[in-house]
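Student: Just dropping this structure here.
In the UniProt record's numbering, the protein residues as written are 1 to 947.
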């Protein structure tokens with residue numbers, strides 16, 4: 001079981017793409033950890049539901065989700081009242097807290113019971129041997145609680161017609177499956193469809209994706225060879241304890257049991273009874289895990305049914321927390337197994353840890369903190385990085401590395417397939433340093449597939465190993481700790497290659513079963529970088545800010561991330577009036593929740609309705625609600641914001657209703673506050689004269705021309721001018737920065753504004769962006785003293801004019817075909833024609849022709865205009881991506897770009913103006929001179945020196 005990611009904002013480079021996806025046109029292995037048998041496929045194609053359509057299990061998910069939700073409500077109504085049902089239920093909740101995690105809520109427990117009640121008949125139908133189900137320790141604990149609820153008056157689900165149809169379909173399928181293997185495949189399919197879709201919130205909160213068997217087999221055989229090479233042992237050796245701490249449906253242990261080249265048949269009974277261990281946190285998944293492993297063993301060995309003693313329902317992280325309590329009432333046999341496992345010397349940890357990044361907010365499924373484990377991360381991984389943000393170091397997959405590294409003690413092997421962001425990220429430097437310090441040998445097989453990239457880079461990254469389950473870089477990492485080894489911190493690396501689709505990658509991984517890939521030895525640099533190593537001349541330049549200081553004393557005295565609302569659909573809109581309606585509805589819903597929360601006795605007792613379309617919850621809003629903070633509508637909070645490049649929208653800019661405003665209230669304290677911000681990111685710079693969104697330039701830091709301070713209202717004298725809103729405006733460029741520039745260019749009368757535009761010019765330099773690309777990915781920009789200051793300053797001013805005043809520019813001359821006076825609505829821009837690509841022979845969109853509105857098409861767009869890329873996408877691509885009518889699924893709110901302006905030609909003119917922006921930007925950038933850096937002036941500030 002591993003982790004997923006948030007879906008992309010769009011599915012390509014912002015323009016209608018034809019086959020940009022490396023997986024396009026291929027037949028891929030499903031996102032399951034098994035292959036569905038041919039017989040099961042045939043059955044799926046022939047079973048007919050009452051309505052007469054073919055049955056695929058996904059067709060049931062909406063119905064099952066609704067039934068389970070209603071069942072959960074019925075259980076809630078029963079256990080919310082004092083009495084025997086309440087007492088039995090609270091005992092069950094305590095059991096879950098002790099078995100899994102103290103953060104388990106009553107709502108979580110009710111969901112577990114409802115899921116169990118709906119799914120148990122499926123297991124009973126598939127496996128008629130009662131021992132398989134009734135002797136399962138997880139099922140036993142759940143059944144005891146359900147029996148108490150039935151006795152207290154919970155009605156049976158037996159009369160539900162939809163469930164009768166579902167169980168009948170399963171029964172028909174099962175009756176035609178003659179082998180346990182076929183049944184095992186079918187139950188995995190049902191689980192995948194049922195769980196990840198019908199119970200999506202649970203899957204999302206844990207970051208669940210399922211591992212292709214090619215990846216599983218590659219990992220197991222890499223570990224097998226490492227055990228033989230390093231320790232003279234194998235996965236089949238007695239006493240070599242193997243643990244999958246994040247087992248999902250048990251694929252890793254199943255494949256290990258089934259592969260006779262890994263464990264000999266003569267060794268398997270002992271290994272099964274003593275040395276194999278599989279942990280899972282989700283009760284439904286844990287039940288299936290247990291069944292699958294037992295069936296794999298029975299298939300290989302035969303004979304009487306043998307329960308698997310190594311299966312645990314547990315939170316692998318929590319069970320090793322200091323002071324963790326044990327459940328001695330609900331899952332009693334499971335608790336005994338937990339105690340036994342904790343005492344064992346684990347030699348091998350293998351698997352696919354959950355990937356969830358940070359909190360999954362707004363669904364009631366925020367992820368749990370682990371004090372002991374997180375303190376270990378703080379002691380090790382965080383101290384080795386200089387990154388401004390270390391939040392990703394507490395992602396579950398990073399936690400898994402830290403936990404596993406400690407769990408194997410002084411000797412053993414860890415092998416995970418996981419998000420590979422740590423390999424090159426700035427925050428991952430501490431992880432990389434620790435791996436090299438703690439392990440003798442590190443093996444990294446980079447499977448690529450980073451689809452957070454755009455265009456050509458995205459195509460080069462290739463297909464996603466986990467298909468839709470993850471858009472991140474994926475890597476297999478094997479860490480070997482051997483006190484007798486001659487190696488120490490040896491890094492062995494392999495890149496799977498460019499432009500490979502998913503199936504090609506899986507086919508390559510099949511070779512890893514027989515032999516290791518050809519490893520390349522890597523040598524870390526002083527920054528802890530293994531790949532994409534930095535240019536150290538960068539350290540001699542001027543820092544825009546000094547990251548380790550809370551009060552930066554670099555070129556700028558302050559900086560900020562862009563606005564992070566965490567509820568864009570609710571607080572952004574092209575229409576100001578629609579935005580007001582949505583925000584007022586949000587405020588009313590929130591204030592009612594504040595009242596209900598107080599009435600319930602506090603946040604822990606209050607259960608918000610996360611399905612309410614009028615509101616989206618997040619950690620900051622929940623905290624405010626818990627503290628009883630009421631919201632009110634304020635007209636000045638309605639602002640115009642730069643949402644994406646060349647796309648402005650109305651926003652409700654408010655500290656309470658936005659998740660994080662960072663320092664933006666200090667930079668734009670009132671609607672007409674005058675300011676400029678350069679947004680610096682690894683994808684290049686952009687500029688804004690209004691509140692910038694966090695994704696305007698993907699998580700870039702915003703460096704302002706000014707910052708504002710509320711004037712002292714105590715009557716104290718001030719030499720600073722106070723504006724009509726009661727604020728004092730300060731320069732954000734420091735006096736130290738100005739002094740250095742004037743020393744470097746003594747013949748120029750340089751102002752702080754000149755420096756600001758100079759910075760914007762330098763950040764556009766192709767030479768600068770290419771030479772220092774790796775530095776810019778991992779740290780804030782440092783600005784060289786170019787020989788020709790004036791050229792870069794003038795270029796920066798000209799670029800800023802284009803990028804800020806784009807709405808007032810003259811349109812680029814193109815041919816307009818259609819009704820120029822009344823172009824009509826823009827529902828979605830499209831390229832209406834296709835041409836043959838001379839390189840590939842494929843039909844691709846003719847990007848010189850764009851249908852902008854229902855009555856108007858423009859022709860003659862220079863293809864060169866698409867070369868101006870900002871935030872990973874062409875400027876024209878951003879218009880195509882953003883100027884379309886959308887309806888948000890979660891809120892039901894429609895965002896219509898036609899509502900932004902009363903001018904019927906606004907969007908048409910905007911496209912033509914942005915073509916001009918693109919063409920003139922490229923001309924200015926192409927004309928920039930070489931940097932030819934000057935040496936540091938004599939009085940270089942000590943704080944700017946970097947070791």
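Using N, Cα and C, we set each Cβ at its ideal position, and we do this for glycine too.
Below 8 angstroms, can you find three or more Cβ-Cβ pairs linking the segment 223 to 242 to the segment 339 to 359?
Tutor: yes
Student: So, at 8 angstroms on beta carbons, what are the nonlocal neighbours of residue 518 in its own chain, with the 5 sequence-adjacent residues on each side left out?
Tutor: 494
Student: Specify, as a first and last residue, the run of the beta strand (DSSP E) that residue 584 falls within.
Tutor: Looking at the DSSP string, residue 584 is not in any beta strand (DSSP E); the run it does join, the alpha helix (DSSP H), is 576 to 600.
Student: Under the rule that 16 or more other beta-carbon atoms within 10 Å means buried, what is residue 897, buried or exposed?
Tutor: buried
Student: Check residue 933 in the structure and name its three-state DSSP category.
Tutor: coil
Student: Going by Cα to Cα distance, which pick from 703, 702, 636 and 722 is closest to residue 711?
Tutor: Checking every option, the nearest Cα to that of residue 711 belongs to 722.
Student: Just the C-alpha distance for residue 475 and residue 450, rounded to the nearest angstrom, thanks.
Tutor: 11 angstroms
Student: Check for me: the alpha helix (DSSP H) holding residue 170 runs from which residue to which?
Tutor: 161 to 175
Student: Is it buried or exposed for residue 691, if we count other Cβ within 10 angstroms and need 16 for buried?
Tutor: Classification for residue 691: buried.
Student: For residue 652 and residue 87, I'd like the C-alpha separation in whole angstroms.
Tutor: 46 angstroms
Student: Since residue 80 and residue 162 are thought to touch, with beta carbons under 8 angstroms apart, how far apart are those beta carbons, to the nearest angstrom?
Tutor: Not a contact, Cβ separation roughly 26 angstroms.
Student: Per DSSP, residue 702 is paired with what?
Tutor: 560 and 679
Student: Helix, strand or coil: how does DSSP classify residue 478 here?
Tutor: strand
Student: Provide the residue(s) that pair with residue 727 in DSSP beta bridges, ordered along the chain.
Tutor: 710
Student: What distance in whole Å lies between the Cβ atoms of residue 447 and residue 505, which are believed to be in contact at a cut-off of 8 angstroms?
Tutor: 6 angstroms
Student: Whole angstroms are fine: how far does the CA of residue 734 sit from the CA of residue 938?
Tutor: 18 angstroms
Student: Taking 8 angstroms as the line, does the beta carbon of residue 896 fall inside it for any heavy atom of the ligand NAP?
Tutor: With respect to the ligand NAP, the structure offers nothing, as it holds no ligand at all.
Student: Can you give the Cα-Cα distance for residue 284 and residue 293, rounded to whole angstroms?
Tutor: 15 angstroms
Student: Given 8 angstroms as the limit, is there contact between the segment 560 to 575 and the segment 800 to 812, that is, 3 or more CB pairs closer than that?
Tutor: no
Student: Measure the beta-carbon distance from residue 807 to residue 858 and round it to whole angstroms, keeping in mind my assumption that it falls under 8 angstroms.
Tutor: Rounded, the Cβ-Cβ distance is 17 angstroms, inconsistent with contact.
Student: Tell me, please, which residues DSSP counts as bridged to residue 278.
Tutor: 244 and 311
Student: Excluding five sequence neighbours on each side, which residues of the same chain lie with their C-beta closer than 7 angstroms to the C-beta of residue 686?
Tutor: Within the same chain, residue 686 has close Cβ partners 645, 679, 696, 697, 803, 870 and 871.
Student: What's the gap between the Cα of residue 76 and the Cα of residue 471?
Tutor: If I take the Cα positions, the gap works out to 37 angstroms.
Student: So if DSSP puts residue 894 in a beta bridge, which residue, or which two residues, is it bridged to?
Tutor: 887
Student: Throw me the rounded Cβ distance for the residue 71 and residue 106 pair, which I believe falls under 8 angstroms.
Tutor: Not quite, the Cβ-Cβ distance comes to about 15 angstroms (not below 8 angstroms), so this is no contact.
Student: Pick helix, strand or coil for residue 535, following the three-state DSSP scheme.
Tutor: Residue 535 falls in the coil class under three-state DSSP.
Student: Please report how far the alpha carbon of residue 387 lies from the alpha carbon of residue 559, in whole angstroms.
Tutor: 15 angstroms
Student: What's the gap between the Cα of residue 916 and the Cα of residue 825?
Tutor: 23 angstroms
Student: Mapping the DSSP letters down to three states, classify residue 620 as helix, strand or coil.
Tutor: helix
Student: Whole-angstrom Cβ separation of residue 355 and residue 431, contact assumed at under 8 angstroms?
Tutor: Residue 355 to residue 431, Cβ: 15 angstroms. No contact.
Student: Could you tell me the alpha carbon to alpha carbon distance between residue 797 and residue 756, rounded to whole angstroms?
Tutor: 9 angstroms
Student: What distance in whole Å lies between the Cβ atoms of residue 676 and residue 952, which are believed to be in contact at a cut-off of 8 angstroms?
Tutor: A question about residue 952 goes unanswered here, because the residues of the chain that appear run from 1 up to 947.
Student: Determine which residues share a DSSP beta bridge with residue 441 and list them.
Tutor: According to DSSP, residue 441 bridges with 480 and 490.
Student: Hey, is the segment 829 to 842 in contact with the segment 930 to 946, meaning 3+ C-beta pairs nearer than 8 angstroms?
Tutor: no
Student: In its own chain, which residues sit with a C-beta less than 6 angstroms from the C-beta of residue 564, not counting the 5 before and 5 after it?
Tutor: If we look at residue 564 and ignore the five residues flanking it on each side, its Cβ neighbours are 659, 660 and 694.
Student: Give the straight-line distance between the Cα atoms of residue 453 and residue 335, rounded to the nearest whole angstrom.
Tutor: 45 angstroms
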